[in-house]
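S.K.:
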């Protein structure tokens, strides 16, 4: 039974700052959180079941809808896993690889911009929201120019890319990269040295590196805790080995460090984009698909492959029975699902206001958590 | 009729109604100004559909509030629920009588010789409505919001009051008109009392539940805090009370620290006598100066809202109790020392030096951070 | 546990068939430097091995999975990447137990992954590895929710993605992909098998609930006319009448328990 000091609050599914339909049952003593229990499943759409009933190429749009904020990396993960099963990972032409990298990094910037917007507005600063969405509009315009869709891109195919770049796309991309550096300076000037921001984020939700690995956390939260591990470096895919970029790492594992890590990651992504533009201009135009059969029927076996999405490690575990064109089982390892598990451990002892900051700093997308 | 009735009842009533109307017009204008100005800060347009530049929004919003369905939660405490929005309005309206808007005697509604004390006492009662509203809504979030707000407002009453004590010591009176008259002969009070002015500014924001202290109405945490369950006109009353208190506080800071309706210091410039010499036009000029200064502070409110994140509740209380109160007490002590030594002018010079130092620190050219070309270790 | 002899096929790479390395035997895989140290500690619990697309999969004894996991964790596989189950009931040519639970592990030092698999049948619980890696908590809950595999020793084995009281395990092969006829079967005493309000329990006829009976307002012209007529003033095609169509459609019969498509 409850102590007379405790109150159970439902941080309900409908709430401006739960980033989707997340429900957290809080047991609070005044303002201190004694226990937090996340309840998910409100956005469960049976994606994994659907994967078993569709041919491999048909699954690609469904992967968009999981982490709907960072669709290109979801697509890329799935497509790369199937290519690994087919054994054609080495045969993707250079131009397609570079294009995949460009889209992934643009997606990383776009996802982190959305994270910054929502994190800042949860903590109370409403202006970065509008500034970051201004840059995000430019990225979404680039996506629309390429594949026709802004958010759920479906921009990758098994074996390459659907289409080649339209005319002038690379120039637009170069313009964006030029404008992005000063824009980052603008956001940083608003938040990074702001005393109130620092008071709200330093020391909140500290995760030690061992604990982070124990909870299976990946992505910026893991790097914020000091573990310098990024799948683009540890298990490189596409043409990342040829690109120069750094892995920003935090020191204390608190919210401020995760914030700095993501800000630095955006700058690094910009750097990757600027390197890719001249590289892709050197590749022959039109060479964007590997020579694989139209009917995707991987041999019998199982494979797990993961890439670095903006939220963490997104992995696909596909079991193929070698006979049908559908996956026999396709399980997605969503980074947000695993990162969210650590929320109770991070939130104990903090105030209710900090819970909002923590949900923002783990950067969850409920579409991915629930699939 | 009876001259006494005229002087003491009807004429102040008329003046009160005029002042009230002007202030309510400013409240409505503030609504529009806030939304457009926030839009300007945030690289977007504010409301611009309803009239030219969205000006008719000011009329559209009250119409909407009046016509909206008034939803009352089923298990709300009816009496307290209805009283909740009304209580913060009462002090806001009453205090308008006590503030001098222009050169006396025409432009002050009443002149109470303990005016400042009365104002402080009345503004403190605004907390009741918030607590009642939060508790009576039968909603845990509103309850939390109401309690937070109560604690915040009560804690920031103390530095609010203490920071004024320095001004009182210099000016020697609780009467607002005397304080303004003092400021035109000597420096405006923000110079000798720069620390107190700053404390008053911060407390004013906290009293008003405005960012960075808007935790009770923090949209992202408590949905809307103590006014979650209010709809239509009751919510409009809360908003009205908030904007009215903003204006009252701005009027207070202008009167106490920034010279009220005068534009002169040390006897030079547009002092009260000069304005009186210009007759009615001078009086109106004085009122215009006063309201311009008030608008500048209202713009400052909006600027704060656009820029700052909000404090967490315990940090807010920390700030109030551990920093502002000791600072204001120290200010009283130091002011007392200076007055004993008879060196009031020296205080003004110290104020000027402090302002110059702060400006230098804020605006000094800084090295641009170098771009991340190596592994960036955050913090 | 029964040993499954899966065909260990080399990665099929068209154009490189001549240079595909021959498949390794179970013992060779067990001696692979990636896993040799861990396997040597629990050698009798590892009953099979397989390699595909450069990944090693080891089959472990179900009752000893916790020891195996601990051995691997001590050997540096500190990170449990993924815990997934597969329902083999519709797998062509499969004769063993119905479910397989796959634990994908990663070692930071060796920078490589390994997979452990256990076989289990319906209603046979698998020991939980929550004590070994905390992250297994939600993974196992999800596996239980989706497949019905119980994990013994799990701190709070409840449904995570579906709601409490849902009857069925969605990712099993005999669960229809269109879903079962369930509304919110939270009150089993009140609502019928399969869930959902009883027809007539709310007082309204069941097929009348969300049908719009007014005239749908049309903005602009329907695109079909423009494409066909070329915009020369051809009359636009009339809008379909949704209300009548829905009212005319019969109530869908209760979905069969078996999915006919699979």
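Residue numbers (the working numbering), protein chains in the order written: chain E, 1 to 371; chain H, 372 to 750; chain G, 751 to 1012. Where a beta carbon is used, it is the ideal one built from N, C-alpha and C, also for glycine.
Using DSSP with H/G/I as helix, E/B as strand and the rest coil, what is residue 330/E?
M.R.: Looking at residue 330/E - three-state DSSP - the assignment turns out to be strand.
S.K.: Within 8 Å of any Cβ in chain G, is that where the Cβ of residue 157/E sits?
M.R.: Chain G contact via Cβ: absent.
S.K.: Measure how close the beta-carbons of residue 923/G and residue 832/G come, nearest whole angstrom, since I'm counting them as under 8 Å.
M.R.: Between residue 832/G and residue 923/G the Cβ distance is about 20 Å, and since that is not below 8 Å, they are no contact.
S.K.: Compare the C-beta of residue 763/G with all C-beta atoms of chain E and state if any pair is closer than 8 Å.
M.R.: Unreliable placement is indicated for residue 763/G, whose pLDDT of 42 sits below 50; the coordinate value is still reported in the next sentence. True, the Cβ-Cβ gap to chain E drops below 8 Å.
S.K.: Residues of the stretch 670 to 684 of chain H with a CB closer than 8 Å to any CB of chain E: list them in chain order, please.
M.R.: Result list: 676, 677, 678, 679, 680, 681, 682, 683, 684.
S.K.: Between which two residues does the beta strand (DSSP E) holding residue 893/G run?
M.R.: From DSSP, residue 893/G is part of no beta strand (DSSP E) but of the alpha helix (DSSP H) over 886 to 897.
S.K.: Given this structure, state the Cα-to-Cα distance separating residue 338/E from residue 125/E, to the nearest angstrom.
M.R.: Computed Cα separation, rounded: 28 Å.
S.K.: I'd like to know whether the C-beta of residue 523/H is nearer than 8 Å to at least one C-beta of chain E.
M.R.: No, its Cβ sits nowhere closer than 8 Å to a Cβ of chain E.
S.K.: Suppose you measure from the CA of residue 306/E to the CA of residue 25/E; what does that come to, to the nearest Å?
M.R.: Straight-line Cα distance between these residues: approximately 32 Å.
S.K.: If you count every other CB in all the chains shown that lies within 10 Å of the CB of residue 632/H, and 16 or more means buried, which is it?
M.R.: Its Cβ being crowded by 16 or more others within 10 Å, residue 632/H is buried.
S.K.: Can you find a C-beta in chain E that's less than 8 Å from the C-beta of residue 591/H?
M.R.: For residue 591/H, the predicted structure reports a pLDDT of 49, less than 50, and the residue's modelled location is therefore unreliable. The matter cannot be settled from this model.
S.K.: Report the residue from 66/E, 233/E, 119/E whose alpha carbon sits nearest the alpha carbon of residue 151/E.
M.R.: Out of 66/E, 233/E, 119/E, 66/E has the C-alpha closest to the C-alpha of residue 151/E.
S.K.: At a cut of 8 Å, does the stretch 216 to 225 of chain E reach the stretch 68 to 80 of chain E through at least three beta carbon pairs?
M.R.: No, because fewer than three Cβ pairs between the stretch 216 to 225 of chain E and the stretch 68 to 80 of chain E fall closer than 8 Å, the two stretches do not touch.
S.K.: Report buried or exposed for residue 1013/G, applying the criterion of at least 16 other Cβ atoms within 10 angstroms of its Cβ.
M.R.: It is not possible to answer for residue 1013/G, since the shown part of chain G is limited to 751 through 1012.
S.K.: Residues in the stretch 221 to 255 of chain E with C-beta within 9 Å of chain G's C-beta atoms, listed in sequence order?
M.R.: Listed by position along the chain: 227, 229, 234, 235.
S.K.: Who are the neighbours of residue 583/H on chain E, taking C-beta pairs under 8 Å?
M.R.: Going along chain E in sequence order, the residues near residue 583/H (Cβ under 8 Å) are 124, 196.
S.K.: Check whether the Cβ atoms of residue 817/G and residue 795/G sit closer than 8 Å, and answer yes or no.
M.R.: Yes, the Cβ-Cβ distance between residue 817/G and residue 795/G is below 8 Å.
S.K.: Once you ignore the five residues that flank residue 562/H on each side, which residues in its own chain have a CB closer than 7 Å to its CB?
M.R.: Hits under 7 Å: 719, 722, 723.
S.K.: Is it true that the CB of residue 474/H sits closer than 8 Å to the CB of residue 482/H?
M.R.: No; because the gap between Cβ atoms is not below 8 Å, this pair is not in contact.
S.K.: Below 8 Å between beta carbons: does that hold for residue 575/H and residue 535/H?
M.R.: Result no, Cβ atoms of residue 575/H and residue 535/H do not sit closer than 8 Å.
S.K.: Tell me the DSSP bridge mates of residue 582/H?
M.R.: Note: residue 582/H sits in no beta bridge, so no partner.
S.K.: What do you get for residue 591/H, buried or exposed, if any count of 16 or more other CB atoms within 10 angstroms of its CB means buried?
M.R.: Bear in mind that a pLDDT of 49 at residue 591/H, under 50, signals an unreliable position, so the model cannot answer this.
S.K.: Is the Cβ-Cβ distance between residue 851/G and residue 870/G less than 8 Å?
M.R.: Against a cut-off of 8 Å, the Cβ pair of residue 870/G and residue 851/G comes out as a contact.
S.K.: Between the Cα of residue 512/H and the Cα atoms of 272/E, 11/E, 191/E, which residue gives the shortest distance?
M.R.: When each option's Cα is compared against that of residue 512/H, the closest is 11/E.
S.K.: In this structure, does DSSP put residue 229/E in helix, strand or coil?
M.R.: The answer is coil: DSSP assigns residue 229/E none of H, G, I, E or B.
S.K.: How would you write the range of the beta strand (DSSP E) that residue 301/E sits in, first residue to last?
M.R.: Looking at the DSSP string, the run of the beta strand (DSSP E) that includes residue 301/E is 301 to 309.
S.K.: Which same chain residues end up closer than 7 Å to residue 566/H when comparing Cβ atoms and leaving out the 5 residues on each side of it in sequence?
M.R.: Correct list, in chain order: 698, 702.
S.K.: Can you give me the C-alpha to C-alpha distance between residue 1007/G and residue 318/E, rounded to a whole angstrom?
M.R.: Low confidence applies to residue 1007/G: its pLDDT is 42, below 50, so where it sits in the model is not reliable, and the reading given next is rough at best. Taking the straight line joining both Cα atoms gives about 26 Å.
S.K.: To the nearest angstrom, how far is it from the Cα of residue 540/H to the Cα of residue 554/H?
M.R.: Using only the alpha carbons, I get a separation of about 13 Å.
S.K.: Would you mind giving the Cβ-Cβ distance between residue 343/E and residue 38/E, rounded to the nearest angstrom? I have them listed as a contact below 8 Å.
M.R.: 6 Å between Cβ atoms; contact.
S.K.: Leaving out five residues on either side along the sequence, give the residues of the same chain with a beta carbon under 7 Å from the beta carbon of residue 774/G.
M.R.: Taken in chain order, the residues that qualify are 801.
S.K.: Return the first residue and the last residue of the alpha helix (DSSP H) that residue 216/E is part of.
M.R.: From DSSP, residue 216/E is part of no alpha helix (DSSP H); its letter is neither H nor E.
S.K.: Could you tell me whether any Cβ in chain E is nearer than 8 Å to the Cβ of residue 905/G?
M.R.: By this cut-off, residue 905/G is not an interface position.
S.K.: Residues of chain G with CB under 9 Å from residue 60/E, in chain order?
M.R.: Ordered by position in chain G, no residue passes the 9 Å Cβ test against residue 60/E, which lies about 18 Å from the chain.
S.K.: Is residue 205/E helix, strand or coil when you go by DSSP?
M.R.: Three-state DSSP puts residue 205/E in coil, outside helix and strand.
S.K.: Classify residue 349/E as buried or exposed, calling it buried when 16 or more other Cβ atoms lie within 10 Å of its own Cβ.
M.R.: That one is exposed.
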